[in-house]
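Input: a single structure, listed below in structure tokens.
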Amino acid sequence: MASDTATRRPESAQKPFRRLKARLAQLPSTLRQALFSRLAAGILIANLLALGLLALGTLALTENRTGLIDAKLDSLTQQADIIRNVITETAVEGSPEPVLNARIAAEVLARLYVPEGTRALIHGPEGRLAADSYLSAGRVSVELLPPPGHRDVEGLFTGLWRSARDFVGGFFLSSEELEARDRTLADEIAFAQSTGEAVAGVRRGRYGERVVSVTLAIAPVQTIVGSVTYESYDYDALIAADRLAILPYLGFAALIIVAFGGLLALRIAGPVKRLSDAARSVQLAGGRRVPLPDFSRRGDEIGDLEQAFRAMTDALYDRLDAIENFAADVAHEIKNPLTSIRSAAEVLVRAKDDNARQRLVGVIQKDVQRLDRLITDISNASRLDAELARDSVSPVDLVRLIRDIVRVYTDGERAAPGQIIIETTLSQAFSPAREEPLGRVFTNLIDNALTFSPPDGTVRISVRRGQGANRDSYVVAIEDDGPGIPPEALETIFNRFYTQRPAGAAFGTHSGLGLAIARQIMSAHGGSIHAENREPPASGARFVVRLPGVS
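If you use the working numbering, the sequence shown corresponds to residues 28 to 578, in order.
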């Protein structure tokens, strides 16, 4: 018991992996069907159009922003250079070692015009502040502090917004722009005073705001005595105004998305709703045919869905009709032996002769056997669809299967030695099938052939490969030496409860369901079965079964 459990457990554990592997194998074809469908193409085009408009607006905004920054830096550089020249001429003293006079620099800076929103700073050696245009002009910065114990929620959200903005913006900045963004005023002053080179860019301010800044070294006679910093605080306002330029692009993109959403509602949601209503009507109709919406002219997946739904409902109605007809046929076939039993029972009560009673009892017994056989065949036929759907398909060797069936007949003395002959040049003939139902078909056909053949007749079974366009299929033919089949009955014999027995055969020993079941099994396997008569001067019938081969 333990070993059996241990053997089954790995197999069950591998089933999810097998399903996953099968789905991954189907993924390329599924993606290909989805990408090349008309609905998918329309959805992709609309979304790409909206995305293209947003990308165009973003590119335009980026170009405009770059132009604004460059223009601002050029303006600040010119003004800083003017201040540097004035300071160099008026506030730098001493020779051969010049120094910066902080008092004179502050007085000179106070007389210079510095526009609102900009600020000029003069630093001496080692970054010491010498002059500030804000202080020189008497400007006072006022900042409201929150009450004691009050949490600055607005400041918290502002800090979070700036952090998120810098994080996202970092993906679109160059390395030089990232370096400038993380630079401080002290870094600019130290770099300019140590190298003599100009420093320009957008950096962080004291409170995290973005500042456009230019720092130039004051260097008369190649000696650096300080630096001039000119900065502007209107960068965020400029960018905020510039962002308004993308609103038309956002509006057009939103308009496209809304319009396409409405189109989807009309072209997809509406028809799907009508199909779902039709499905609900079919459910409530109780077998009555319900008119279905027609989308066959659409030529897309909705049209395919409607056609598939129509085919499904037609198959459902056909199955309901078949069930009704089958029920009527069953009632008729069962009524015959019941009528015979009732008549025999009524006569049996009045019979006075023992021989007559014995004969009537025999009639009743035969009718009971006939009824039992009929009910058994009806039960098997009604379960056939479920069995075919439940059983899995596997390669079946038709040659081996037929040899095994014939061996059962000869070993069980159901057929005389040599009465059944197998004629084939194939050693193997594999077909994707369910072995048990397929064996039932061949057994039924052999039973029919033996029934109609004379005692000295022969049943011949041939297995060959198909020809021409049917080269990938196999053909199994079973023929007998009987009287043959009337031409008008070559198709009728496959109807349910059709019976035609040879002369002398016992009445009621066959239900007439065998050939109907055989055709049903063949249809489920993607094959076919038909009857024909042998060519003169030979007599007898031939049943031809065609099955697909294993590719």
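Every residue, glycine too, gets a C-beta built ideally from N, C-alpha and C.
Is there contact here, the stretch 141-160 with the stretch 240-253, by at least three beta-carbon pairs under 8 Å?
yes
C-alpha gap between residue 373 and residue 399, whole angstroms:
Position 346 of the sequence shown, counted from the first residue, corresponds to residue 373. Position 372 of the sequence shown, counted from the first residue, corresponds to residue 399. So the alpha carbons of these two residues sit roughly 21 Å apart.
Classification of residue 547 by the beta-carbon crowding that lies within 10 angstroms, buried from 16 upward:
Here residue 547 refers to the residue found at position 520 of the sequence shown. Counting Cβ neighbours within 10 Å, residue 547 comes out buried, since at least 16 surround it.
Sequence-distant residues of its chain with Cβ nearer than 6 Å to residue 391 (five each side left out):
Within the sequence shown, residue 391 is the residue found at index 364, counting from 1. Only 368, 371 meet the Cβ criterion.
Any idea if residue 664 is buried or exposed, counting beta-carbon neighbours within 10 angstroms, 16 or more meaning buried?
No information on residue 664 is available, as it lies outside the stretch 28 to 578 that the chain covers here.
At a cut of 8 Å, does the stretch 517-528 reach the stretch 497-508 through at least three beta carbon pairs?
no
Please determine, among 473, 436, 422, 575, the residue with the shortest C-alpha to C-alpha distance to residue 609.
Residue 609 falls outside the range modelled here, since the chain spans only 28 to 578, and no answer is possible.
Nearest neighbour of residue 539, chosen from 234, 278, 428, 402 [CA to CA]
For the purposes of this step, residue 539 is taken as residue 512 along the sequence shown, with counting starting at 1. Nearest C-alpha to residue 539: 402.
With H, G and I counted as helix, E and B as strand and the rest as coil, what does DSSP make of residue 533?
On the sequence shown, position 506 is the one that residue 533 refers to. Model confidence at residue 533 stands at a pLDDT of 48, short of 50, so the residue's coordinates are unreliable; what they give is reported in the following sentence. Coil.
Quick one: which unbroken beta strand (DSSP E) runs of 3-plus residues sit fully inside the stretch 419-466? Chain order, please.
Complete beta strand (DSSP E) runs here, min 3: 421-424, 447-451, 457-460.
Beta carbon of residue 117, beta carbon of residue 135: below 9 Å?
Looking up residue 117 in the sequence shown gives position 90. Looking up residue 135 in the sequence shown gives position 108. Result yes, Cβ atoms of residue 117 and residue 135 sit closer than 9 Å.
Taking 8 Å as the threshold, find out whether the stretch 483-493 comes into contact with the stretch 374-391 through three or more Cβ pairs.
no
Is residue 552 buried or exposed, if buried means 16 or more other CB atoms sit within 10 Å of its CB?
Against the sequence shown, residue 552 aligns to sequence position 525. Burial call: buried.
Is residue 127 helix, strand or coil by DSSP?
Here residue 127 refers to the residue found at position 100 of the sequence shown. It is a strand residue.
Helix, strand or coil: which one does DSSP assign to residue 258?
As a first step, residue 258 is located in the sequence shown; it is residue number 231 there, counting from the start. Reduced to three states, the DSSP call for residue 258 is strand.
Tell me which residues share the same chain as residue 519 and place their Cβ nearer than 8 Å to its Cβ, disregarding the 5 neighbours each side in the sequence.
Locating residue 519 in the sequence shown gives position 492, counting from the first residue. Apart from the 5 residues on each side of it in sequence, residue 519 sits with its Cβ closer than 8 Å to the Cβ of 525 in its chain, given in chain order.
Collapsed DSSP secondary structure at residue 35 in the structure displayed
For the purposes of this step, residue 35 is taken as the residue at position 8 of the sequence shown. Residue confidence for residue 35 is low, a pLDDT of 43 falling below 50, so the modelled location carries little weight; the figure read from the coordinates is stated next. Helix.
Could you name the residues of the same chain whose beta carbon sits closer than 8 Å to that of residue 337, not counting the 5 residues immediately before and after it, in chain order?
For this step, residue 337 is matched to residue 310 along the sequence shown. Counting only Cβ-Cβ distances below 8 Å, and skipping sequence neighbours, we find 319.
Just checking, does the stretch 456-471 make contact with the stretch 417-435 on the three C-beta pairs under 8 Å criterion?
yes
Any 3 or more C-beta pairs closer than 8 Å across the stretch 110-125 and the stretch 72-81:
no
Can you tell me whether DSSP reads residue 485 as helix, strand or coil?
Counted from its first residue, the sequence shown places residue 485 at position 458. Three-state result, residue 485: coil.
Using DSSP with H/G/I as helix, E/B as strand and the rest coil, what is residue 522?
Residue numbering aside, residue 522 sits at position 495 when the sequence shown is read from its first letter. Looking at residue 522 - three-state DSSP - the assignment turns out to be coil, as it is neither helix nor strand.
Hey, out of 305, 298, 312, 339, whose CA is closest to residue 322's CA?
Start at 1 with the first residue of the sequence shown, and residue 322 comes out as number 295. If we check each option's Cα against that of residue 322, 298 comes out closest.
Where residue 340 sits in the DSSP three-state scheme
Stepping through the sequence shown from its first residue, residue 340 is reached at position 313. Assignment of residue 340 by DSSP, reduced to helix, strand and coil, places it in the helix class.
Pull up the distance between the alpha-carbon of residue 263 and that of residue 127, whole angstroms please.
As a working note, residue 263 is residue 236 in the sequence shown. As a working note, residue 127 is residue 100 in the sequence shown. Roughly 34 Å separates the two Cα atoms.
Among 442, 480, 550, which residue has its Cα nearest to the Cα of residue 565?
Taking the sequence shown and counting its residues from 1, one reaches residue 565 at position 538. Minimum Cα distance to residue 565 is reached at 480.
Are the Cβ atoms of residue 238 and residue 227 separated by less than 9 Å?
Within the sequence shown, residue 238 is the residue found at index 211, counting from 1. Within the sequence shown, residue 227 is the residue found at index 200, counting from 1. Their beta carbons are not under 9 Å apart, which means residue 238 does not touch residue 227 by this criterion.
Exposed or buried, which one is residue 106 when buried takes at least 16 other CB atoms within 10 Å?
The count along the sequence shown starts at 1 and reaches residue 106 at position 79. Residue 106 comes out buried.
Let me check understanding here. Comparing Cα to Cα, which of 234, 115, 260, 423 lies closest to residue 248?
Taking the first residue of the sequence shown as position 1, residue 248 is located at position 221. Nearest Cα to residue 248 within the set 234, 115, 260, 423: 115.
Anyone know if the C-beta pair for residue 503 and residue 571 falls short of 9 Å?
Here residue 503 is taken as the residue at index 476 of the sequence shown, counted from 1. Here residue 571 is taken as the residue at index 544 of the sequence shown, counted from 1. At a Cβ-Cβ threshold of 9 Å, residue 503 and residue 571 count as neighbours.
Buried or exposed: residue 396, going by 16 or more other Cβ atoms within 10 Å of its Cβ?
The residue given as residue 396 occupies position 369 in the sequence shown. Its Cβ having fewer than 16 others within 10 Å, residue 396 is exposed.
Helix, strand or coil at residue 369 [DSSP, three-state]
On the sequence shown, residue 369 is found 342 positions in, with the first residue counted as 1. Residue 369: helix per DSSP, three-state reduction.
Residue range of the beta strand (DSSP E) that residue 556 falls in?
As a working note, residue 556 is residue 529 in the sequence shown. Residue 556 -> beta strand (DSSP E) spans 555-560.
Same chain only: Cβ atoms within 6 Å of residue 500, ignoring 5 sequence neighbours per side:
Within the sequence shown, numbered from 1, the residue matching residue 500 stands at position 473. If we look at residue 500 and ignore the five residues flanking it on each side, its Cβ neighbours are 493, 573, 575, 576.
Which one or two residues does DSSP pair with residue 156 in a beta bridge?
As a first step, residue 156 must be located in the sequence shown, where it is residue number 129. Answer by DSSP bridge pairing, in chain order: 150.
Per-residue DSSP class, three states only, for residue 72:
For the purposes of this step, residue 72 is taken as the residue at position 45 of the sequence shown. The three-state reading of DSSP puts residue 72 in helix, counting H, G and I together.
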